[in-house]
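Numbering (the numbering used here), first residue to last: 5 to 135.
By construction, the Cβ of each residue, glycine as well, lies at the ideal position given by its N, Cα and C atoms.
Single-structure report; data block below.
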């Protein structure tokens, strides 16, 4: 859940071995690659984490409107396959929710939604590599 007029950050850790060849976000009618800025969207570059083969990435949606509600898709491709994570974004008017409580819920839920499918791709590849 996100609040109209505010920003939301879809962020999380991507684990991929080998390194992702392509990463992109699909939001509304746009495709954004890391580093792209198309108002009101900012796709952040991947940064390496302390965990081997893992990277942080994110998409910021600025000045949300109720019309921004819907699906946001993250696609990650490496030499072994493709994984995706689907976010269902629900933007509501500020009067319907306390902005401070909603912000924490949004941040935590979006992070978990991203980590699960991408980590599954990484684990699947580790199983294949060890066979």
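- Note that the segment 70-77 does not touch the segment 48-58; fewer than 3 beta-carbon pairs, one per stretch, sit closer than 8 angstroms.
- Looking at the DSSP output, residue 51 sits in a beta bridge with 60.
- Looking only at 92, 5, 80 and 63, the smallest Cα-Cα distance to residue 42 is reached by 63.
- Around the beta carbon of residue 35, fewer than 16 other beta carbons lie within 10 angstroms, which makes this residue exposed.
- Taken atom to atom, the span from the alpha-carbon of residue 51 to that of residue 60 is near 5 angstroms.
- For residue 70 and residue 39, the gap between their C-alpha atoms comes out near 25 angstroms.
- Sequence-distant Cβ neighbours of residue 44 in its own chain, meaning closer than 6 angstroms and more than five residues away, are 66 and 67.
- Note on residue 7: 16 or more other CB atoms within 10 angstroms of its CB, so buried under the neighbour-count rule.
- Under the three-state reduction of DSSP output, residue 72 falls in the helix class.
- Between the alpha carbons of residue 80 and residue 27 lies a gap of roughly 5 angstroms.
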